Amino acid sequence: MEWKEEFQHGLIWQDFQHHQLIDNINALINSVTSGDSDDKSFRKAALFTIQYCSGHFKIEEEYMKKHGYSLTESHIEQHNLFIDDFKKIISDNNLNGAQKSSVLLNKLLTWFKDHILTDDKLFANFILRHEIE
Ligand SMILES: [Fe+2]
Ligand SMILES: [Fe+2]
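Structure representation (structure tokens):
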């Protein structure tokens, strides 16, 4: 999955972190498609995702609150739902590392399309407008 110009919303820190997520998605795609995904590769991707959630989500949420973004609550709810789903993947004892990698990959790809390209873009547009005013 190549980073495209249209993925960029204009907030430098946010774009940088979304780009890091794409890098992690690509590493996961490589290990899943090459068939060598296992517990170790899943742990690596999961560790990144944990850091991503605790760092990136927190920064977005702080910006929203600071600037009185009207969709703050629903946006935070989506972040929390993502974290809940992610925890379920980690703790699913019916799946091995390779299966968890595939499930996490699908989750991240859906997240990119359904959250980053839509809700995060709305939020970035708001911040950009707000900081210009
Ligand atoms: Fe984001
Ligand atoms: Fe977000």
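For the sequence shown, the numbering used here gives the first residue as 1116, with consecutive numbering after it.
Yeah, the Cβ is synthetic: ideal placement off N, Cα and C, and Gly gets one too.
Note that this is a predicted model, so its numbers are computed, not measured.
Relative to the Cα of serine 1206, the nearest Cα in the group Phe1172, Thr1187, Asn1221 and Ala1161 belongs to Ala1161. For ligand 1, no non-hydrogen atom lies closer than 7 Å to the CB of histidine 1190. Of all residues, those with a beta-carbon under 5 Å from at least one heavy atom of ligand 2 are Glu1175 and Asp1235, reported in chain order. Distance from the Cα of methionine 1116 is smallest, within the candidate group Asn1208, Leu1126, Trp1128 and His1134, for His1134. For leucine 1126, no alpha helix (DSSP H) segment is defined, and its DSSP state is neither H nor E.
In chain order, Leu1143 and Val1147 place their CB closer than 6 Å to the CB of leucine 1220, counting only its own chain and leaving out the 5 sequence neighbours on each side. With respect to the C-alpha of histidine 1182, the residue from Lys1119, Trp1118, Glu1121 and Phe1238 having the closest C-alpha is Phe1238. Between ligand 1 and the CB of glutamine 1129, the shortest heavy atom gap is smaller than 7 Å.
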